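A quick write-up on the structure given underneath.
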Amino acid sequence: MSLVEINFDGIVGPSHNYAGLSLGNLAATAHAGDISYPRAAALQGLEKMRGNMALGLTQGFFAPLPRPNVAWLETIAVDAATDRALYATGWSASSMWTANAATVSPAPDTADGRCHLSVANLVTMAHRSHEWPDTLRQLQLAFADQRHFAVHGPAPPCFGDEGAANHMRLTSAHGEPGLEVFVYGRSGGRFPARQHEQASRVVARRHGLDPERVLFIEQSPEAIAAGAFHNDVVAVANERVLFCHEQAFAKPAAAYAAIRERFPEVEVVEVPSSAVSLAEAVRSYLFNAQLVTLPAGEQALVIPGEAWETPQVRRWLDKMIAGNGPIRRIVPVDVRQSMANGGGPACLRLRVVADPSTVDPRFLIDEIKAETMAKIIEGHWPEQIDPADLGEEDLANSVRKAREALLDGLGLSELA
Ligand code: SUG
-19 MSLVEINFDG IVGPSHNYAG LSLGNLAATA HAGDISYPRA AALQGLEKMR
31 GNMALGLTQG FFAPLPRPNV AWLETIAVDA ATDRALYATG WSASSMWTAN
81 AATVSPAPDT ADGRCHLSVA NLVTMAHRSH EWPDTLRQLQ LAFADQRHFA
131 VHGPAPPCFG DEGAANHMRL TSAHGEPGLE VFVYGRSGGR FPARQHEQAS
181 RVVARRHGLD PERVLFIEQS PEAIAAGAFH NDVVAVANER VLFCHEQAFA
231 KPAAAYAAIR ERFPEVEVVE VPSSAVSLAE AVRSYLFNAQ LVTLPAGEQA
281 LVIPGEAWET PQVRRWLDKM IAGNGPIRRI VPVDVRQSMA NGGGPACLRL
331 RVVADPSTVD PRFLIDEIKA ETMAKIIEGH WPEQIDPADL GEEDLANSVR
381 KAREALLDGL GLSELA
């Protein structure tokens, strides 16, 4: 069996909008009330997937969840006239950020030799708290083969869990055993800490991880206060490389030492605040990048165009590439519609290390399927949404029909 990293991107849903629902997410707050462009957003996401496929990477996807979520709106007994912000929570396309769908422990790390996935409860934000039941259905379908996968329900809601966005894995190669690093937050600042330490510990125990190959590290409170609501806004790891900002962790020296003790091969590529300030790191989303191993073995960093266009960041990247570091290539991508809601290239994907032949093939994508998806998106996704229109019956119908057309086209109608 050959284990590879598969990136499962969330297809940007037809209700993609800027309702400004995420406290602590500076981009989403700054764009609250703007007109969104769901069709362009979904095509940007698809282009990113195609770019990664062209690099030789294995690509999967998850379909958008049903929106508006009528059951949720009924549960909270709200309508468009009562409380617009609360009402908008039923329309969010936030499941596109699949880095928050689940935490994944690949088979070489777990006691029973299966790949374990725990769906994230996302309880801190109302608009995300109702994602998990539909996400779970999708995970159970994609990873139905119980010889290779174990799919878990969410951690109890008293422990906030935001999934893989707060989880990193260091390993000599994807298919080898790894060190799993869980990064939790402790609040106290102006923004909530979404990942609770106990949620991470629940997930690690349920996945059957070897305590010798697990670490729980605190995210720096300054990073949360600066708008890094998830660890993946300030750090990303791939195989033996940890790429992070100097202020990513509460006690950086202790964090690196603990990682080195358990995984001596680690190469830490740390960006100092003197080169890129924390504020610029969060604004440009430099670290919300996909750090990937290309088929020839070198590592590439897939970054948002915004990072590439930020002079401080560009200077640092140019210097890094000119040097002898482990990251050899920079690939800027345009995911501006998602970025305006605080979702960069890394937010848009869930990494699963698995043998692709054990995954339901309907969730894997090749160029032919990408073309089918592009046509459906072009034909059905609303061109634009004004958040003031959330609640209009016509809009609700076109959002529903667009999703149905996609599910039909992909043979996934059972998710309807
Ligand atoms: O949870 N934005 C998402 C962005 C998630 C980014 N994910 C990672 N860093 N892995 C969030 O804050 C904005 C939605 C709105 O305001 O309508 C939003 O939910």
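So for the sequence shown, this note's numbering puts the first residue at -19; every next one is plus one. C-beta atoms are modelled at their ideal positions from N, C-alpha and C, and glycine is treated no differently. Quick caveat: nothing in here was measured; it's all calculated off a predicted structure.
Whether VAL424 touches PHE267 by CB criterion (9 Å)
No statement about residue 424 is possible, as the shown extent of the chain runs from -19 to 396 and does not include it.
Could you give the DSSP three-state label for ASN89: helix, strand or coil?
It is worth fixing the name first, because residue 89 is Asp in this sequence and not Asn. ASP89 falls in the helix class under three-state DSSP.
Tell me the rounded alpha-carbon separation between ALA73 and GLY285.
For ALA73 and GLY285, the distance between alpha carbons rounds to 22 Å.
Comparing alpha-carbon positions, which option in LEU26, LEU274 and ILE197 lies nearest ASN218?
Ranking LEU26, LEU274 and ILE197 by CA distance to the CA of ASN218 puts LEU274 first.
Given HIS210, which residues of its chain have a CB within under 8 Å of its CB, disregarding the five upstream and five downstream residues?
Excluding positions up to five away in sequence, the list reads ALA79, ASN80, GLU142, ALA145, ASN146, ARG174, GLN175 and CYS327.
Within 10 angstroms of the Cβ of GLN39, are there 16 or more other Cβ atoms? Answer buried if so, exposed if not.
Residue environment analysis places GLN39 among the buried positions, since at least 16 neighbouring C-beta atoms fall within 10 angstroms of its C-beta.
What whole-angstrom Cβ distance do ALA12 and GLY0 have, given they're in contact under 8 Å?
Yes, ALA12 and GLY0 are in contact; Cβ-Cβ is about 2 Å, under 8 Å.
Can you give me the C-alpha to C-alpha distance between PRO325 and TRP77, rounded to a whole angstrom?
If you draw a straight line from the Cα of PRO325 to the Cα of TRP77, it is about 9 Å long.
Could you pull the DSSP bridge partners for CYS224 from this structure?
CYS224 is bridged by DSSP to ALA215 and GLU250.
Relative to the C-alpha of VAL249, which residue among ARG185, LEU222 and VAL131 is closest?
Of the candidates ARG185, LEU222 and VAL131, the one whose C-alpha sits nearest the C-alpha of VAL249 is LEU222.
Restricting to runs no shorter than 4 residues, where is the alpha helix (DSSP H) found entirely within the stretch -8 to 77?
Within the stretch -8 to 77, the alpha helix (DSSP H) runs of at least 4 residues that lie entirely inside it are, in chain order, 6 to 10, 18 to 34, 50 to 55 and 64 to 68.
Where does GLY389 sit, in a helix, a strand or coil, going by DSSP?
Three-state result, GLY389: helix.
Excluding the five sequence neighbours on either side, which residues of its own chain have a C-beta within less than 8 Å of the C-beta of LEU116, listed in chain order?
Answer for LEU116: VAL99, VAL131, GLY133 and PRO134, listed in chain order.
Looking at C-alpha atoms only, which residue of ALA237, VAL251, ARG242 and ASP346 is the closest neighbour of GLN227?
For the residues ALA237, VAL251, ARG242 and ASP346, the minimum Cα distance to GLN227 belongs to VAL251.
In angstroms, rounded to a whole number, what distance separates the CA positions of ASP346 and THR352?
In a straight line, the C-alpha of ASP346 is about 10 Å away from that of THR352.
Going by C-alpha to C-alpha distance, which of ASP89, GLU198 and ASP14 sits closest to GLY399?
Any property of residue 399 remains undetermined from this structure, which presents the chain solely from -19 to 396.
Could you compute how far the alpha carbon of GLY140 sits from the alpha carbon of TYR164?
For GLY140 and TYR164, the distance between alpha carbons rounds to 10 Å.
Any chance the CB of MET105 is under 8 Å from a heavy atom of ligand 1?
Yes; taking the cut-off as 8 Å, the Cβ of MET105 has a heavy atom of ligand 1 nearer than that.
Short Cβ contact (9 Å threshold) for THR104 with PRO157:
Not closer than 9 Å, so no.
Closer than 6 Å by C-beta to PRO137: which residues in its own chain qualify, once you throw out the five before and the five after it? Chain order, please.
Closer than 6 Å at Cβ, skipping near neighbours: ASN101 and VAL103.
Within 10 angstroms of the Cβ of VAL84, are there 16 or more other Cβ atoms? Answer buried if so, exposed if not.
The C-beta of VAL84 has 16 or more other C-beta atoms within 10 Å across all chains shown, which makes the residue buried.
Sorted by chain position, which residues of the same chain lie with C-beta nearer than 6 Å to GLU(-15)'s C-beta, five sequence neighbours on each side aside?
Hits under 6 Å: HIS154, ARG331 and VAL333.
Flag this pair as touching only if the stretch 17 to 27 and the stretch 315 to 322 have three or more C-beta atom pairs under 8 Å; answer yes or no.
In this structure the stretch 17 to 27 touches the stretch 315 to 322; the number of beta carbon pairs closer than 8 Å is three or more.
Assuming ARG149 is part of the beta strand (DSSP E), what are its boundary residues?
Run containing ARG149: 147 to 151, per the beta strand (DSSP E) assignment.
Which two residues bound the contiguous beta strand (DSSP E) that contains ILE307?
From DSSP, the beta strand (DSSP E) with ILE307 extends over 307 to 313.
Taking the beta carbon of ASN377 as the centre, do at least 16 other beta carbons fall within 10 Å, making it buried, or is it exposed?
In this structure ASN377 is exposed. Its beta-carbon is surrounded by fewer than 16 other beta-carbon atoms within 10 angstroms.
DSSP beta-bridge partners of ALA238:
DSSP, once it has assigned bridges, lists no residue as partnering ALA238.
What does the Cβ neighbour count give for GLU363, buried or exposed, with the cut at 16 atoms within 10 Å?
When all chains shown are included, GLU363 counts as exposed.
Give the secondary structure of PHE129 by DSSP, where H, G and I count as helix, E and B as strand, and everything else as coil.
For PHE129, the three-state secondary structure derived from DSSP is strand.
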